[in-house]
Amino acid sequence: MKGTAPWRRFSEAEAAVNRSVAASTVGKYFKLEARKSSFTKELRAGAATFLTMAYIISVNAAILTDSGGPCTVLDCTPVGNSTAVPGPECMLGTSNPGYEQCLARTKSDLIVATAVAAMVGSFFMGTLANLPLALAPGMGANAYFTYNMVGFHGSGSIPYRTALAGVMLEGIVFFLLSAVGLRSRLARMIPRNIRLASAVGIGLFLAFTGLQANQGLGMVGASPSTLVTLTACSQTDPVTGACLGGTLHSPTFWLGVAGFLITATCLARDVKGAMIYGIVFVTAVSWIRGTTVTVFPDTPAGNAGFSYFRKVVDFHTIKSTAGQLSFGGFRHGSVWVAMLTLLYVDVLDTTSTMYSMAEYAGFTDGAGGFEGEYRAFLVDAGSTVLSAGLGSTTVTTYIESTAGIREGGRTGVTAITVSAFFLASLFFSPLLMSVPPWAVGPSLVLVGAMMMRVAKEIEWGDMKEAIPAFVTMALMPLTFSIANGIIAGLAVYVALHWYDWASLACGKVGKALDDRRNQVAAATPEVGPAPAQDVV
4 MKGTAPWRRF SEAEAAVNRS VAASTVGKYF KLEARKSSFT KELRAGAATF
54 LTMAYIISVN AAILTDSGGP CTVLDCTPVG NSTAVPGPEC MLGTSNPGYE
104 QCLARTKSDL IVATAVAAMV GSFFMGTLAN LPLALAPGMG ANAYFTYNMV
154 GFHGSGSIPY RTALAGVMLE GIVFFLLSAV GLRSRLARMI PRNIRLASAV
204 GIGLFLAFTG LQANQGLGMV GASPSTLVTL TACSQTDPVT GACLGGTLHS
254 PTFWLGVAGF LITATCLARD VKGAMIYGIV FVTAVSWIRG TTVTVFPDTP
304 AGNAGFSYFR KVVDFHTIKS TAGQLSFGGF RHGSVWVAML TLLYVDVLDT
354 TSTMYSMAEY AGFTDGAGGF EGEYRAFLVD AGSTVLSAGL GSTTVTTYIE
404 STAGIREGGR TGVTAITVSA FFLASLFFSP LLMSVPPWAV GPSLVLVGAM
454 MMRVAKEIEW GDMKEAIPAF VTMALMPLTF SIANGIIAGL AVYVALHWYD
504 WASLACGKVG KALDDRRNQV AAATPEVGPA PAQDVV
């Protein structure tokens, strides 16, 4: 009995706090009692949501840094005793000290940009829409931005600044569509099986990215004969990434596998914050200097990174990525195609996630709508505009919000709590900067695995639906382009359905003509034979 007294006092104090907050202006604004929730329950829900999505801070920054950000050939420095000005090839590897330092600065900026976008978006989702939904830069859109638009270290067709301008313009268009109520209508125009296949394809795309050397485990690499092959080599070419020997002998690969198994086990056992534990384990081991898996090798860049890491707490201000917008490249068609693809992904991803979360929380009405949806759409779109201004990509509602909803979160207090955690993360940039790719890669693979669940909803028994869906999901990773998969899937869908549509249209036209003839016939009085006249 004595042991239960402190717990009883804590429970009584918690109940008193909940009653006080519920009766206050804040409690009434957030409808704590009306939604059968409490203040402390909302705080716990916010903590659960943050733990499940905190990985996005380091993962998003790592993916976007692969684009090279604002770094150019001008940031490269002569190597060794050479005095020659480096050429564009200095950006293709990670061996140039000057370019490495620029990438490190960019990653620091993007960590802050990610946290700020998530903080602001989640805060306004809570205060304006009063929904327990957390926002952050989305997975999938960041990979498309990096590897399809800008390209690895700027090797794509669209410069970083122009791509950011495209993201901002997409956010503005998205905001206007939300403001006039067209957003949900656009989402419903896309065939359902293509929508489902897009989610699966993006999952495969993320998993493929997480298995590669530059942004993950390093298990998959290039091959001159088979395009891709098994790598995880102990020695690789620093410029091309080609395997020089020792397949599956990479120490960082096996450390990443350990992190993968830790996270997978936590997910299988439904442990809260499962995505975090594997990242934390691998990162902590990688912080040990003098090992074969250290993220701080004995190089100028490694020493500089370790010096910054030792600060632990530091408020980093964005220096290179904020405001880097250039609208001059919009005369090229590739920019518009990329922007429309982002808009398509944003419409499908955010809209479907938001509706599914609302349904999971029990907010939807008979028509499928939910309270606060109009403001929620505006907040989501506005957050994308802010994110682009900071140097990051489109913001979306996170499926990890289910963790908080499962804990009882039903109001905007949950989202505000998530926002507070992202605010706190701004002061730990040195730690977040030191998360290595082999800690992030397993999370990308597992996020891809979780996105596979919707594949069962595709109508595989109907070949007219199954084939376009398969083309969509297969071409995304195989062409390393989300846009290619979407365009190909829609093209095949139209090719397989045009005859049905034409037949249906002809049938409707024929029926309309028949109905019209029947109406005319019914409106015309029947004329009988002329009466016989008497002949005199």
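Take this note's numbering: the final residue in the sequence shown is number 539, and no numbers are missing along the way.
C-beta atoms are modelled at their ideal positions from N, C-alpha and C, and glycine is treated no differently.
- Distance between Leu-138 and Phe-284, taken at the CA atoms: about 26 Å.
- A residue is called buried once 16 or more other Cβ atoms fall within 10 Å of its Cβ, and Val-82, having fewer, is exposed.
- For the pair Val-203 and Leu-214, the CB atoms are not nearer than the 8 Å cut-off.
- Nearest neighbour of Ile-193 by Cα position, chosen from Leu-516, Val-523, Val-512 and Gly-492, turns out to be Gly-492.
- Note that the C-beta distance between Phe-373 and Ala-391 is not below 8 Å.
- Leu-447 and Val-62 do touch by the CB rule: their CB atoms are close to 7 Å apart, below 8 Å.
- Membership of Val-474 in any beta strand (DSSP E) is not indicated; the residue belongs instead to the alpha helix (DSSP H) covering 466–481.
- The Cβ atoms of Arg-313 and Lys-39 do not sit closer than 8 Å to each other.
- Within the same chain, and ignoring the five residues on either side of Pro-89 in sequence, the residues whose Cβ sits closer than 6 Å to its Cβ are Cys-79.
- Contact between Gly-206 and Met-454 holds: CB atoms are separated by about 3 Å, below the 8 Å threshold.
- Judged by DSSP secondary structure, Val-457 falls outside any alpha helix (DSSP H); it is assigned neither H nor E.
- Contact between the region 398–414 and the region 119–137 is present: three or more C-beta pairs spanning the two stretches fall below 8 Å.
- In this structure Leu-95 is in contact with His-156, their Cβ atoms being roughly 6 Å apart against a cut-off of 8 Å.
- About 19 Å separates the CB atoms of Ala-418 and Ser-27; that is not less than 8 Å, and the two are not in contact.
- For Leu-138, the enclosing beta strand (DSSP E) starts and ends at 138–140.
- If one requires a minimum length of 3 residues, the beta strand (DSSP E) runs lying completely within the region 97–168 are 138–140, in chain order.
- Shown here, Ala-225 sits in a strand according to DSSP, grouped into three states.
- For Thr-232, the enclosing beta strand (DSSP E) stretches over residues 230–233.
- Around Arg-378, the same chain offers Leu-131 and Ala-132 as residues with beta carbons nearer than 8 Å, after the five sequence neighbours per side are excluded.
- Under the criterion of beta carbons closer than 8 Å, Pro-162 and Ser-432 do not qualify as touching, at roughly 26 Å.
- As for any alpha helix (DSSP H) of minimum length 4 sitting wholly inside the region 248–304, the runs are 254–271 and 277–289, ordered along the chain.
- Take the alpha-carbon of Gly-72 and the one of Thr-399: they are about 21 Å apart.
- With a contact defined as Cβ atoms closer than 8 Å, Leu-35 and Ala-25 qualify at about 5 Å.
- By the CB criterion at 8 Å, Val-123 and Leu-345 fall outside the cutoff.
- Residue environment for Met-466: exposed (fewer than 16 other C-beta atoms within 10 angstroms of its C-beta).
- Separation of Val-457 and Leu-199 (C-alpha to C-alpha, rounded to the nearest whole angstrom) is 6 Å.
- Taken through DSSP and simplified to helix, strand or coil, Thr-400 comes out as strand.
- Taking C-beta separations shorter than 8 Å and ignoring five residues to either side along the sequence, Gly-510 has no partners in its chain.
- The continuous alpha helix (DSSP H) containing Arg-195 extends over residues 195–214.
- If you ignore the 5 residues before and after Phe-127, its C-beta comes within less than 7 Å of the C-beta of Val-382, all in its own chain and listed in chain order.
- Within a 10 Å sphere around the beta-carbon of His-319 sit 16 or more other beta-carbons, which makes this residue buried.
- The beta carbons of Pro-100 and Phe-263 sit no closer together than 8 Å.
- In the structure shown, Phe-430 falls within a coil segment according to DSSP collapsed to helix, strand and coil.
- Shown here for Ser-422: same chain residues with a beta carbon closer than 6 Å to its own, the five before and five after excluded, namely Met-122, Ser-125 and Phe-126 in chain order.
- Under the three-state reduction of DSSP output, Cys-93 falls in the helix class.
- The straight-line gap separating the alpha-carbon atoms of Gly-293 and Ser-160 is approximately 40 Å.
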